[in-house]
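Below you'll find the structure, written out as structure tokens, and then a few comments.
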Amino acid sequence: MDRIEELTIEAGERGIDVHEREIPVPGMSAAYIKTETGEHIIIRMDGTQAERACWLAEELGHHYTGSDRRLHYNAADDWRAEAKARKWAHDRLLSPDAIRTAARNTDDIYEIAFTLNVSVEFLRESIDWYMARGLWAPDVMPEEFGDAAEQAQPEE
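Just add 19 to wherever you are in the sequence shown, counting from 1, and you've got this note's numbering.
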């Protein structure tokens, strides 16, 4: 069972319908929508399997964190809701140990992301998130991890 199937089953067990379709809003990859008649997650169908799994996890994060889509809220509230859902997704899809295990055989971030079935962007954000929480040390991070590695290096 792949990640998308696993997350879709989890959503279904919580009464959330998952739909893959075209989303006509530029820049929008997915949405969690809560209405009087039910909860729905819509995911853009043109992403890679890894991207779609990350999008689905983040939208499921909106359900778990109570940070659902709202209209007419201010930008700060929207940003906080997105951050909460995204952090939930990082914790759900990747643990620091899973990243370390995948990185044992290679320091190529693209191979590690492929092994973990997540996007490179999501992997980098996960490492940043774990570093901010003190769960990831910069000395165990390959330089190829890009911005996250550069930001983590102590200033001389």
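Glycine is no exception: its CB is placed at the ideal position from the N, C-alpha and C atoms.
Asked: In three-state terms, what does DSSP make of G57?; Found: strand
Asked: Can you round the beta-carbon distance between A104 and G80 to whole angstroms, since I take them to be within the 8 Å contact cut?; Found: 4 Å
Asked: Return the Cβ separation of A49 and L75 in integer angstroms, given the expectation that the two are a contact with Cβ distance under 8 Å.; Found: 7 Å
Asked: Taking the beta carbon of I128 as the centre, do at least 16 other beta carbons fall within 10 Å, making it buried, or is it exposed?; Found: buried
Asked: So which of D97, K53, E41, A132 has the shortest CA-CA distance to R143?; Found: A132
Asked: Where do the ends of the beta strand (DSSP E) carrying E39 lie?; Found: 35-40
Asked: Drop a sphere of 10 angstroms on the beta-carbon of A122, count the other beta-carbons inside from all chains shown, and report buried for 16 or more, exposed for fewer.; Found: buried
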